[in-house]
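As structure tokens, the structure follows; a few thoughts come after it.
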Amino acid sequence: MRSILLISAALLSLSACNRGGDEANAVLNDANASGAEATATVTNTAMAAADTPLEREAALAKMKERHDGYEKIGKAMRAAKQAIDKQDLNAVRNSADTIASLAPQAIGWFPLGTGPDVGKTQAKAEIWQQKAEFDKGMTRFNEAAKVFQAATGGGDFGAIKEAHANLGKTCAACHDRFRTKDD
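Reading the sequence shown from the start, the letters are residues -18 to -1, 1 to 165 in mature numbering (1 follows the signal peptide of the UniProt record, and there is no 0).
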């Protein structure tokens, strides 16, 4: 119960940057007062905040965070490929760890209000128009990142190479559908 409250409070705190702290403080005070009812209040408020577009400054900051995160993932994917080709297990593990640590964060990089209408991005508007499908793709990406990371633990380069290729396919599936082409 306490971990649910802490996670919900963290999500709410992040959304509070956009909406002001009064609502967040009120919900957190409720959370201290009553267990299950407070959990529902925090969760419902966090979900409502997710449906509210970010204000421009917060949106641009989130878009930069998204760009920087995907740059790190891309560099780690390329480094992993090179390390697999050289059969450098430590380097592959480092890359897999980087990807696996960033993958769960990626779903949070696309709040409402961070689309192409706000600033420069390769994210298509379809991300927010087809949110359920996009979220499924992000879940597949996260799962594939975990599988790739786990494969590096065994040291079997055949399995590692296959897991890396499958991870790349999850990236491509979203890129093909939800990302504009590079110029």
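Each residue gets a CB set at the ideal place from its N, CA and C atoms; glycine is no exception.
Distance CB(residue i)-CB(residue j) smaller than 8 Å
i, j, result
"L71", "G137", "yes"
"T34", "L94", "yes"
"A58", "I81", "yes"
"H146", "A85", "no"
"A155", "G119", "yes"
"L149", "A127", "yes"
"A88", "F123", "yes"
"V100", "R161", "no"
"L36", "T96", "yes"
Per-residue DSSP class, three states only, for residue i
i, result
"A126", "helix"
"F116", "helix"
"A8", "Here A8 scores only 40 on pLDDT, less than 50, and its place in the model should not be relied on; the value that follows carries that caveat. It is helical."
"I105", "A small correction: the amino acid at residue 105 is Ala; Ile does not occupy that position in the sequence shown. Strand."
"T34", "coil"
"L94", "coil"
"K163", "coil"
"D99", "coil"
"A133", "helix"
Limits of the unbroken alpha helix (DSSP H) element including residue i
i, result
"P86", "71 to 88"
"L149", "139 to 160"
Sequence-distant residues of its chain with Cβ nearer than 8 Å to residue i (five each side left out)
i, result
"Q69", "F139"
"K54", "T80, L84"
"A30", "Note on A30: pLDDT 40, under 50, position unreliable in the model; the coordinate value appears next. Here the set comprises nothing."
Close beta carbons around residue i, own chain, < 7 Å, minus the five adjacent residues each side
i, result
"K143", "I66"
"W91", "K44, E47, R48, G51"
Contacts around residue i, its chain only, beta-carbon distance under 6 Å, and the 5 residues preceding and following it disregarded
i, result
"R75", "T134"
"D117", "none"
"T152", "R122, F123, A126"
"N14", "Since pLDDT at N14 reaches only 41, below the 50 mark, its modelled position is unreliable, and the value read off the structure follows with that caveat. Within the same chain, N14 has no close Cβ partners at all."
**OP:** Evaluate contact between the segment 106 to 116 and the segment 36 to 47, counting only Cβ atoms and requiring at least three cross-stretch pairs below 8 Å.
**Re:** no
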